[in-house]
Amino acid sequence: MDHRSNFFLKLLVPDANWNYQKEPTKGTAKYFVNDKPVIGIADNVFEYYQDIDYIIFSELKKNFPTTSGYYYQGVRFIEYPEFKVEEVEGVFVTYERTIDQTIVHLISEDKDQDKLDSFLKDLKERYPDYYIGTIYQTIEGRLFEILYQKKLKICFAESCTGGLMVSRLINCKGASEVIGRSFVTYSNASKNEILGVDPKLIKKFGVVSAEVAEAMAEGLAKISKADVNVSVTGYAGGDQPNPDDGLCYFACSYNGFINIERLQFEGDRNQVRLKMASYILWRVGQLLILKP
Numbered sequence: 003m004d005h006r007s008n009f010f011l012k013l014l015v016p017d018a019n020w021n022y023q024k025e026p027t028k029g030t031a032k033y034f035v036n037d038k039p040v041i042g043i044a045d046n047v048f049e050y051y052q053d054i055d056y057i058i059f060s061e062l063k064k065n066f067p068t069t070s071g072y073y074y075q076g077v078r079f080i081e082y083p084e085f086k087v088e089e090v091e092g093v094f095v096t097y098e099r100t101i102d103q104t105i106v107h108l109i110s111e112d113k114d115q116d117k118l119d120s121f122l123k124d125l126k127e128r129y130p131d132y133y134i135g136t137i138y139q140t141i142e143g144r145l146f147e148i149l150y151q152k153k154l155k156i157c158f159a160e161s162c163t164g165g166l167m168v169s170r171l172i173n174c175k176g177a178s179e180v181i182g183r184s185f186v187t188y189s190n191a192s193k194n195e196i197l198g199v200d201p202k203l204i205k206k207f208g209v210v211s212a213e214v215a216e217a218m219a220e221g222l223a224k225i226s227k228a229d230v231n232v233s234v235t236g237y238a239g240g241d242q243p244n245p246d247d248g249l250c251y252f253a254c255s256y257n258g259f260i261n262i263e264r265l266q267f268e269g270d271r272n273q274v275r276l277k278m279a280s281y282i283l284w285r286v287g288q289l290l291i292l293k294p
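Note that my numbering has the sequence shown beginning at 3, numbered continuously upward.
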């Protein structure tokens, strides 16, 4: 254990008897405080979920032996829905908050697997408008699968998100099968020159408006020839607080239909941009599912 890890562990429990034991899995570490296990897990999301089974379950089995073993399920929800689900005896539930998602972890003994599955089914049915997928499913991965299965191409015209949406979709293997051309149209001039947005429209309604978002999506559709065209315009936030910080409009043009939504998010500039990108990628997937 290096001196920095030791420093922070001592801050956590200053009078404890700390002991360090390296684990064989990648990116994990296990500590003991007064002979009680404290598990450190990697911040890499994929390493983290692989470690759950090996590290946490092995500790459960050692410290809380059971004849039936343990059962785990994890699911993701967009944003932070206020979950109102009654606890079920035999099912341990914990909620993990990230900047743009809520991850629900469920653990039970194998003998209570039916209870856990029933609890999870109830959770998904109560909050269908927030549900992303299993713990291994990303927002962009979900959208990629929808586009790929429907044999659709998507293009983006991004202002405040600065290319975050297309960048995240490109993280998916096989992204070239679903992505056409995309643009970062951050300035008013680029909205006009690339997408054909009339400067008079911007002057009349403001650059952050439903009308401009719609014009951006329509202009993108003309030059992209893609099946799905998504635009966003908004205020990520500046040096001084403003009531409009986090405000954005996005438009999604698909199959002769255009959906426009007004959204507003809290957080610093980069948190807001991440939330905008995450929500829009998720929402576009929803729209494609709802409209054949």
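From the three backbone atoms N, C-alpha and C, an ideal C-beta is built for every residue, glycine too.
Predicted model only: the values in this text are computed from it and were never measured.
Residue i in three-state terms, based on DSSP
{"i": "residue 228", "result": "coil"}
{"i": "residue 74", "result": "strand"}
{"i": "residue 275", "result": "helix"}
{"i": "residue 261", "result": "strand"}
{"i": "residue 219", "result": "helix"}
{"i": "residue 101", "result": "coil"}
{"i": "residue 169", "result": "helix"}
{"i": "residue 233", "result": "strand"}
{"i": "residue 150", "result": "helix"}
{"i": "residue 79", "result": "strand"}
{"i": "residue 205", "result": "helix"}
{"i": "residue 287", "result": "helix"}
With 16 other Cβ atoms within 10 Å as the buried cut-off, status of residue i
{"i": "residue 216", "result": "buried"}
{"i": "residue 99", "result": "exposed"}
{"i": "residue 311", "result": "Residue 311 falls outside the range modelled here, since the chain spans only 3 to 294, and no answer is possible."}
{"i": "residue 142", "result": "buried"}
{"i": "residue 244", "result": "exposed"}
{"i": "residue 224", "result": "exposed"}
{"i": "residue 291", "result": "exposed"}
{"i": "residue 89", "result": "exposed"}
{"i": "residue 191", "result": "exposed"}
{"i": "residue 240", "result": "exposed"}
{"i": "residue 236", "result": "buried"}
{"i": "residue 246", "result": "exposed"}
{"i": "residue 138", "result": "exposed"}
{"i": "residue 111", "result": "buried"}
{"i": "residue 258", "result": "exposed"}
Limits of the beta strand (DSSP E) - the one that residue i falls within
{"i": "residue 244", "result": "First-last for residue 244: undefined, no H or E at that position."}
Identity of the residues DSSP links to residue i by a beta bridge
{"i": "residue 174", "result": "Paired residues: none, contrary to the question."}
{"i": "residue 185", "result": "159"}
{"i": "residue 110", "result": "73, 93"}
{"i": "residue 253", "result": "233, 262"}
First through last residue of the alpha helix (DSSP H) which encompasses residue i
{"i": "residue 238", "result": "Segment: none, residue 238 is in no alpha helix (DSSP H) and carries neither H nor E."}
{"i": "residue 133", "result": "No alpha helix (DSSP H) contains residue 133, which is instead part of the beta strand (DSSP E) from 133 to 136."}
{"i": "residue 139", "result": "It is not in any alpha helix (DSSP H) - residue 139 carries neither H nor E in the DSSP assignment."}
{"i": "residue 121", "result": "115 to 128"}
{"i": "residue 195", "result": "190 to 197"}
Meets three-Cβ-pair contact criterion under 8 Å: the region 183 to 191 and the region 150 to 164: yes
Inter-stretch contact (C-beta, 8 Å, three-pair minimum) for the region 257 to 271 and the region 142 to 153: no
Touching by the beta-carbon criterion (3+ pairs, under 8 Å), the region 99 to 109 and the region 271 to 284: yes
Any 3 or more C-beta pairs closer than 8 Å across the region 202 to 217 and the region 168 to 185: no
Touch test, the region 114 to 122 against the region 88 to 96, Cβ-Cβ under 8 Å, three pairs minimum: yes
Inter-stretch contact (C-beta, 8 Å, three-pair minimum) for the region 246 to 258 and the region 226 to 233: yes
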